[in-house]
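Encoded as structure tokens, the structure appears first; notes follow it.
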Amino acid sequence: MRLKKILAPFFVGIMLVTVGGSFSGCSNINSQDSYAVGENVGNTCGNITNLGAVAQVGDQLYYQNSDDGLKIYTSNVDGSDPVKLNDVQSYFINVTKDYIVYANADDDFHIYRMNKDGSENTKLNDVQSYYINVENDVIYYSNWSDENKLYRMNIDGSENTAINNDQAYYINVDGGKIYYSNWSDGAKLYSMDTDGQNKLKLTEYACQYVVADGDWIYYSRWEDPQTSQEDNPEDRYLCRTAKDGSSEEVIREAASGDINVYNDKIYFTDWTTNVICRVNTDGTEFEQLTDEYGTYINLAADKLYYIVFDDDYNPSLKSISVS
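Add 315 to the 1-based position in the sequence shown for my numbering, that's all there is to it.
Shown next, in the form of structure tokens:
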């Protein structure tokens with residue numbers, strides 16, 4: 316059965332399910348320190364684009380435990396010594412030097428912060444918050460209680476304010492810049508400074524599953540995400556553009572989604588065959604990784620985590636090694 320592809324505005328229904336399995340049993344720690352987040356950056360852009368289910372900090376993992384209602388746990392990267400940190404469904408996990416910041420799905424996706432040992436769990440806002448990024452102790456998010464506008468606030472919840480009036484999806488905060496799909500302008504890719512200044516349009520077509528990594532922004536190109544037909548792959552190529560919008564490359568001429576980038580490889584769902592694949596960031600060495608359709612791809616500690624659905628649309632969580 317060909318599974319229906321789900322556009323960004325309708326992903327909340329999937330977020331609210333509880334999946335089988337757990338984020339444990341990981342293999343060796345990732346050798347590239349840029350993917351082991353902490354202190355200044357709360358999670359990778361690719362994981363946040365895919366709901367932020369897992370974050371790696373040094374030799375520790377922080378993750379949704381789907382054997383326990385998607386509550387946050389921590390463990391060693393090999394899955395040993397798991398410790399439960401909270402009691403609510405949690406998404407968009409960000410881990411800083413001192414705190415864990417996340418969206419509480421049991422409280423309408425309001426943002427919460429707790430110490431890294433789970434103590435002093437505190438609500439920071441009262442609005443539906445998605446695509447939560449933390450950089451340098453500032454929280455950035457899409458405010459779905461205010462027409463999906465892009466907001467920022469301090470990590471203590473103070474100075475909560477809209478940065479601009481754009482409807483922002485797939486927010487990536489990377490190196491002092493914000494990259495996002497601007498649904499106020501046909502889901503085209505934009506960038507701006509973290510204070511909202513120097514806004515720049517990077518593409519003339521719609522971009523979804525946005526992931527900033529290195530010198531590039533990776534995405535699925537859509538001519539019109541509001542009207543695109545599921546069986547027409549012509550407008551959903553896997554692409555990348557330079558962060559200043561100066562150059563754009565088509566990496567793979569196939570309908571693609573659920574994009575993440577890890578260790579110089581792009582992981583994505585190939586919607587022409589409904590399997591998970593990967594390819595080098597320059598488009599070489601294409602490889603099929605699964606024989607099934609998977610969505611919401613997270614990567615940490617040399618493992619790929621993804622959700623699959625059976626014919627009755629019951630979800631389960633799977634993982635494979637990508638070392």
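Positions of the beta carbon are idealized from the N, C-alpha and C atoms, including for glycine.
With 16 other Cβ atoms within 10 Å as the buried cut-off, status of residue i
i      : result
LYS516 : exposed
GLY609 : buried
TYR628 : exposed
VAL356 : buried
LEU632 : buried
ASP481 : buried
ASN513 : exposed
LYS558 : buried
SER506 : buried
THR584 : buried
Endpoints, the beta strand (DSSP E) within which residue i is located
i      : result
ASN362 : No beta strand (DSSP E) holds ASN362; the alpha helix (DSSP H) holding it covers 360-364.
LEU515 : 515-528
GLN482 : 476-489
SER506 : 503-508
PHE407 : 405-410
PHE624 : 618-624
ARG467 : 464-469
SER444 : 444-450
LEU376 : 375-380
LEU614 : 610-615
THR556 : 553-557
PHE583 : 580-585
TYR495 : 492-497
TRP459 : Looking at the DSSP string, TRP459 is not in any beta strand (DSSP E), and its letter there is neither H nor E.
GLY572 : 571-577
VAL372 : 369-372
Own chain residues within Cβ distance below 7 Å of residue i, not counting five before or after
i      : result
ARG593 : LYS580, ILE581, TYR582, GLU602, LEU604
GLU564 : CYS554, ARG555
GLY511 : ILE478, ASN479
GLU519 : LYS503
Cβ neighbours of residue i in the same chain (closer than 8 Å, five flanking residues each side left out)
i      : result
ILE344 : For ILE344, the pLDDT reaches just 32, beneath the cut-off of 50, and the residue's location in the model is therefore unreliable, leaving the point undetermined.
Other residues of its chain near residue i: CB distance less than 6 Å, five sequence neighbours each side excluded
i      : result
VAL488 : ASN448, GLU450, TYR455
ARG428 : TYR414, VAL416, THR437, LEU439
GLY560 : LEU517
VAL576 : GLY361, VAL526, ASP528, TYR533
TYR377 : ALA370, THR389, ILE408, VAL410
GLY598 : ILE566
SER634 : LYS618, TYR620
ASN589 : TYR608
ASN358 : VAL352, GLY367, ALA370, ASN409
Are the stretch 437-449 and the stretch 394-410 in contact at 8 Å, needing three or more beta carbon pairs? yes
If we count Cβ pairs, one from each stretch, closer than 8 Å, do we get three or more for the stretch 429-445 versus the stretch 468-480? yes
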